[in-house]
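Have a look at the structure below before the remarks.
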Amino acid sequence: MAYRLNKPRPLISKQLIGEETPAPPKPLISRQTFYTSSFLERRRQERVGKPLFEEEAAESAVTTEERSFDGDSEYEDSNSATSGSGEYSPSSRDSTPLHEDSDETCSVSAGPRARNLATALSLPQATGVPIRKPPGEAGHPKNGGYSLEATLINVHHWSKSGYDVINSQTKGLTAELLDTTKNYKDQDQKLKQSVCNFLLQDFPFLEDYVDCWPVRDMMKAHLKHRKSPGKKRV
149 MAYRLNKPRP
159 LISKQLIGEE
169 TPAPPKPLIS
179 RQTFYTSSFL
189 ERRRQERVGK
199 PLFEEEAAES
209 AVTTEERSFD
219 GDSEYEDSNS
229 ATSGSGEYSP
239 SSRDSTPLHE
249 DSDETCSVSA
259 GPRARNLATA
269 LSLPQATGVP
279 IRKPPGEAGH
289 PKNGGYSLEA
299 TLINVHHWSK
309 SGYDVINSQT
319 KGLTAELLDT
329 TKNYKDQDQK
339 LKQSVCNFLL
349 QDFPFLEDYV
359 DCWPVRDMMK
369 AHLKHRKSPG
379 KKRV
């Protein structure tokens, strides 16, 4: 008896080939869901009578106005006025010197950052009581003058760290703004006042010192040191 082998049937039969491809499933996001945000916006306008984007713009304007008068946010975002070595970096400031065109000492109110900085450095707070310059010249205690560092620390209760920071910032500003080839008397008055104004921004208690004499004494000393590196520290 002979056996006849049947050919294997194709995987896709003729009937399957002739059938139409089934439609893909419908998306989960329907047309109603797609326009949900617009629908809610229209409903919101009907209830409130004000478009959402206008209200958001008004809220943004109020927030911006409040931020412009917020001392904490202004100083938190700004870079520190001192670098790791404690020296002042003029490029870190966004504002111009106060009373740049005036030869008189400017009046500065202590902001949050200034108060925190003075507290961290154990420096005195502003009292409004004028403190006059001692008689004589700084750096000559044996010739009728006084030692600036000893006077500020022992008499006016500055901390050593606070003195060093202010002295370092004054040194950086002196090198940046003044002509180090000239002595103090030959410097431009407005530029000397600008150095004081910069220090007053961070240390408002310096306003108690008549004509900001500690900073001016530091400027004199740094200009002398530039011309005579062997001079002693004031």
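In the working numbering, the protein residues as written are 149 to 382.
Even for Gly, the Cβ is constructed at its ideal location relative to N, Cα and C.
Just so it is clear, the structure is predicted and the values come from calculations on it, not from any experiment.
- From the listed residues T322, A268 and D359, the smallest Cα separation to W306 is found for A268.
- One thing to note: P362 has its Cβ within 8 angstroms of the Cβ of L300.
- In terms of Cβ geometry, S342 and G310 do not form a close pair [threshold 8 angstroms].
- Sorting R364, L371 and F353 by C-alpha distance to the C-alpha of V277 places F353 at the top.
- By a beta-carbon distance limit of 8 angstroms, H370 contacts T322. Their separation comes to about 5 angstroms.
- Q273 is classed as exposed because its beta carbon has fewer than 16 other beta carbons within 10 Å across all chains shown.
- Apart from sequence neighbours up to five positions away, the residues of its chain that approach Y294 with a beta-carbon distance below 7 angstroms are P282, G284 and A286, ordered along the chain.
- When C-alpha distances from R374 are compared across V303, K338, K290 and N331, the shortest belongs to N331.
- Excluding the 5 residues flanking it on each side, K308 has same chain C-beta neighbours closer than 8 angstroms at I301, in chain order.
- Annotated three-state conformation of A286 is strand, per DSSP.
- Within the same chain, no residue comes within 6 angstroms of H304 by CB-CB distance, once the 5 residues on both sides are set aside.
- In the DSSP annotation of this structure, the continuous segment of the alpha helix (DSSP H) that includes Q337 starts and ends at Q337 to D350.
- Per the C-alpha coordinates, the member of E297, N345, Y357 and L326 positioned closest to T275 is Y357.
- No Cβ-Cβ contact shorter than 8 angstroms links E355 with L347.
- Per the coordinates, the alpha-carbon of D336 lies some 31 angstroms from the alpha-carbon of K290.
- For I279, the pairing in a beta bridge is given by DSSP as Y357.
- A straight-line Cα-Cα distance of about 14 angstroms links V313 and M367.
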